[in-house]
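In my numbering, the protein residues as written are 327 to 616.
Think of the CB as a built atom: it goes at the ideal place given N, C-alpha and C, for glycine as much as any other residue.
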Ligand code: UTP
């Protein structure tokens, strides 16, 4: 079965990015001039996803407004002949079919995914975390979709992380299959480095089979008192084949202030209009701070 639907969970509190996230979703914080969430929606569209469900929470209005039509703005841009900006604004609202569901309480990523059960039905689906941006030639989620076509099982997008960082991620214990694909034996949510079975971490991209929903319905709160997706995936790995796949690309955790700063600089450097001025500015800053 082809993967045609995606869930983007965007209902977390974003406590690592306070105070910005007190009243605004972290997924709407711009990297240069585009909200993080738009990069993620564009990745899904480029991969051929046809319907996207965004799981939102309180303070969600700006997310819905961003992907909606903006009649007054369009009229004003039309009147003033700003055709390029008008096209940019229209393109956003014409992008793809976007649906919304509200997670009434932030009970964890697993619970956010469970909110998508009626939307997904009985199909495999993609998950793209709303605060993980991946810069890659082939969209990261497309790479996972291609592996799914071959393996027909749940695929976890992974990369190696520093050993001291295992406590921030779901960690995979796997058996080598190819260079990049491993059959998942077990998963551990945010282990201490001394207890981690490896340093292979799940980094915000998944293709999941619909059997996960039955498991999520009975998954008890785990680390941090939240219903953890990793705990449900661990159970799913006991029931059916699951694979991790080392994707190509640079991943930024923009829910983290340092990750956000790195993404902002890297994405600005990719733009001709900013590149040389930004490099001059940074050279000066380095000199000033020596
Ligand atoms: P994170 O753990 O990075 O998000 O969840 P968070 O809880 O907002 O972050 P901090 O630790 O408080 O800063 C990964 C993704 O899952 C979503 C988040 O919005 C984020 O995109 N999420 C998390 C939900 O949708 N619901 C939840 O209950 C928890």
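Check                                                                                                                                                                    : Outcome
For the alpha helix (DSSP H) holding residue 482, just list the boundary residues, first then last.                                                                      : Not the alpha helix (DSSP H): residue 482 falls in the beta strand (DSSP E), residues 480-486.
Quick check: what's the CA-CA separation for residue 610 versus residue 603?                                                                                             : 11 Å
Going by DSSP in three states, residue 499 sits in which element: helix, strand or coil?                                                                                 : strand
Where does residue 375 sit, in a helix, a strand or coil, going by DSSP?                                                                                                 : coil
Below 7 Å between beta carbons: does that hold for residue 497 and residue 569?                                                                                          : no
Over the uninterrupted beta strand (DSSP E) stretch that includes residue 424, give me the two end residues.                                                             : 423-428
Using a 10 Å radius around the Cβ and a threshold of 16 neighbouring Cβ atoms, would you call residue 612 buried or exposed?                                             : exposed
Looking at residue 559 and ligand 1, is the gap between the Cβ and the nearest heavy atom below 6 Å?                                                                     : no
Name the residue from 607, 582 and 583 whose alpha carbon lies nearest to the alpha carbon of residue 594.                                                               : 607
Return yes when the Cβ of residue 329 is within less than 7 Å of the Cβ of residue 471, no when it is not.                                                               : yes
Report whether the distance from the Cβ of residue 341 to the nearest heavy atom of ligand 1 is below 6 Å.                                                               : yes
With respect to 6 Å, is the separation between the Cβ of residue 563 and the closest non-hydrogen atom of ligand 1 below this value?                                     : no
Report yes if the C-beta of residue 523 is less than 6 Å from at least one heavy atom of ligand 1; otherwise report no.                                                  : no
Output the boundary residues of the alpha helix (DSSP H) element that contains residue 444.                                                                              : 443-446
For residue 412, I'd like the list of residues in its chain whose CB is within less than 8 Å of its CB, leaving aside the five on either flank, ordered along the chain. : 400, 403 and 404
In three-state terms, what does DSSP make of residue 559?                                                                                                                : helix
Flag this pair as yes or no: are the beta carbons of residue 436 and residue 336 separated by less than 7 Å?                                                             : no
DSSP has residue 451 in a bridge; who is on the other side?                                                                                                              : 534
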